[in-house]
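Engineer:
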Amino acid sequence: MTNLQAVLDSIHKELAPRIGEGKVADYIPELAKIDANQFGLSVVTVDGKVYNVGHADVPFSIQSISKVFMLTLALGKVGEGLWKRVGREPSGSAFNSIVQLEQEQGIPRNPFINAGAIAVSDVVMAGHAPREAIGELLRFVRYLADDESVTIDDRVAKSETQTGYRNFALANFMRSYRNLDHPVEHVLGVYFHQCALSMTCEQLAKAGLFLAARGSNPTTGHSVVSPKRARRINALMLTCGHYDGSGDFAYHVGLPGKSGVGGGIFAVAPGIASIAVWSPGLNKVGNSQLGAVALEMLAARTGWSVFGD
Ligand code: GLU
């Protein structure tokens, strides 16, 4: 039996001289202010044990990791009908690419690139005022994490609203193809607030535990989705969770995962554990540089890769 705390401690110790590597996202001014010299890692096993190291208790902007929670909500609302609005194939493009969207007539490749996530937010908004859709997501994430202290950082949401030109372009483009039902400003209001969810590694690992445990949170007993849906969300994370770095992440880490430009990565070892790592410096494709290295070390030392040990 692997001593998980010892594994986490050794990863932290070995990476300590490298903390600060990578480049903090600066296209969202509020994120540019984050100190790069931070590193946190949390593992929650399906039997409810929590293992933390470093800054695992410091809240950070989860950004695109929120797309996993919004996708779960959207599937709960419209089921497989969601796939009329968004595809399920890896994009091989940057997170905010517009080129593919034109070629494919406004249907984004997958729910984890920005265009796809904006379409998913539009689906969750049906029958709601924008504020209620944000409230629904926040309640859902608090319920998943079993933690009422999860918040949305309004400064980050405001900062992105003021500078999210590409996301406005993507959303207007989709609206022109009638793949958004709500006004662009409203949909992006929801999208920017979901991205501004602020969580610690521990909260994030707890919130995603249902994906490691066949759709139910074993610590709270909350049944979130069916085993089949959990398996399918994991499949999407494995193939599409890291933009055009998805293949590389599968090659090196071998776990379903989703990254965000705040420097977080959420990953799932199915049947074993959920994992959250945070280190704000990003690599060239916009994924946490040390976060990806830490997950590669963790997968190698535990044998958790879904492709075998
Ligand atoms: N809010 C960010 C954006 O839309 C999310 C991108 C990310 O985390 O990858 O640009």
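Using my numbering, count along the sequence shown one by one with no gaps and you end on 429.
By construction, the Cβ of each residue, glycine as well, lies at the ideal position given by its N, Cα and C atoms.
What are the boundary residues of the beta strand (DSSP E) that includes Ser346?
Structural biologist: Per DSSP, Ser346 belongs to no beta strand (DSSP E) and is neither H nor E.
Engineer: Are the Cβ atoms of Phe232 and Gly361 separated by less than 7 Å?
Structural biologist: Yes. Within cutoff.
Engineer: Which word fits Pro347, buried or exposed, when buried means at least 16 other C-beta atoms lie within 10 angstroms of its C-beta?
Structural biologist: Exposed is the call here.
Engineer: What does the alpha-carbon distance come out to for the pair Tyr147 and Ser213?
Structural biologist: So the alpha carbons of these two residues sit roughly 18 Å apart.
Engineer: With distances taken Cα to Cα, identify the nearest neighbour of Val397 among Phe386, Asn407 and Gly391.
Structural biologist: Of the listed residues, the one whose Cα sits closest to Val397 is Phe386.
Engineer: Taking the C-alpha atoms as reference points, what is the distance between Leu372 and Gly247?
Structural biologist: The displayed chain sequence assigns His, not Leu, to residue 372. Going by the C-alpha atoms only, they are around 42 Å apart.
Engineer: Taking a contact to mean a Cβ-Cβ separation below 7 Å, would you say Ala62 touches Leu331 in this structure?
Structural biologist: Because the chain here runs from 121 to 429, residue 62 falls outside it and cannot be looked at.
Engineer: Just how far apart, CA to CA, sit Gly255 and Tyr263?
Structural biologist: The straight-line gap from Cα to Cα measures roughly 12 Å.
Engineer: Listed in chain order, which residues are found with a beta carbon closer than 6 Å to a heavy atom of the ligand GLU?
Structural biologist: So the residues near the ligand GLU by this Cβ test are Gln183, Ser184, Phe215, Asn216, Asn234, Glu280, Asn287, Cys315, Gly380, Val381 and Gly406.
Engineer: Is it true that the segment 409 to 420 meets the segment 125 to 138, where meeting means three or more beta-carbon pairs spaced less than 8 Å apart?
Structural biologist: Yes, they touch.
Engineer: With DSSP as the reference, please indicate the residues paired to Tyr171 in a beta bridge.
Structural biologist: Paired residues: Val163.
Engineer: Consult DSSP for Thr422 and reduce its assignment to one of helix, strand or coil.
Structural biologist: Thr422 falls in the helix class under three-state DSSP.
Engineer: Quick one: which unbroken alpha helix (DSSP H) runs of 4-plus residues sit fully inside the segment 348 to 391? Chain order, please.
Structural biologist: For the segment 348 to 391, whole alpha helix (DSSP H) runs of length 4 or above, ordered along the chain, are 366 to 372.
Engineer: Residues in the same chain with beta-carbon distance under 6 Å from Gly226, minus the five sequence neighbours each way, listed in chain order, please.
Structural biologist: Within the same chain, Gly226 has close Cβ partners Met294, Tyr297 and Asn299.
Engineer: Among the candidates Val243, Val163 and Val166, whose CA atom is the shortest distance from the CA of Gly201?
Structural biologist: Minimum Cα distance to Gly201 is reached at Val243.
Engineer: What's the gap between the Cα of Glu209 and the Cα of Ile218?
Structural biologist: Going from the Cα of Glu209 to the Cα of Ile218 covers about 16 Å.
Engineer: If you follow the beta strand (DSSP E) that Val397 is part of, which residue opens it and which one closes it?
Structural biologist: Ala393 to Trp398 is the extent of the beta strand (DSSP E) around Val397.
Engineer: Taking His313 as the reference, which of Ala289, Gly284 and Thr320 has the closest Cα?
Structural biologist: That would be Gly284, whose Cα lies nearest to the Cα of His313.
Engineer: When you compare only the Cα positions, how much space is there between Ala414 and Arg421?
Structural biologist: Taking the straight line from one Cα to the other gives about 11 Å.
Engineer: Below 8 Å on the Cβ atoms is my guess for Cys315 versus Ser186; work out the distance and round it to an integer in Å.
Structural biologist: Contact holds; Cβ gap of about 6 Å.
Engineer: Hey, how far is the Cα of Ser424 from the Cα of Leu375?
Structural biologist: Sequence inspection shows Trp at residue 424; the Ser mentioned does not correspond to that position. About 8 Å.
Engineer: Ignoring anything shorter than 3 residues or poking outside the segment 274 to 331, list the beta strand (DSSP E) runs there in chain order.
Structural biologist: Runs found: 317 to 319.
Engineer: Less than 8 Å between the CB atoms is what I'm expecting for Ala237 and Gln323, so what's the real figure, rounded?
Structural biologist: Their Cβ separation, rounded to whole angstroms, is 20 Å, which puts Ala237 and Gln323 out of contact at 8 Å.
Engineer: Cα-Cα, which of Phe189, Asn337 and Glu280 is closest to Gly309?
Structural biologist: Checked all of Phe189, Asn337 and Glu280; the closest Cα to Gly309 is Glu280.
Engineer: Please tell me whether Pro228 and His306 are closer than 7 Å, where the distance is taken between their beta carbons.
Structural biologist: Result no, Cβ atoms of Pro228 and His306 do not sit closer than 7 Å.
Engineer: Please name the residue or residues paired with Phe180 in a DSSP beta bridge.
Structural biologist: Phe180 pairs with Met319.
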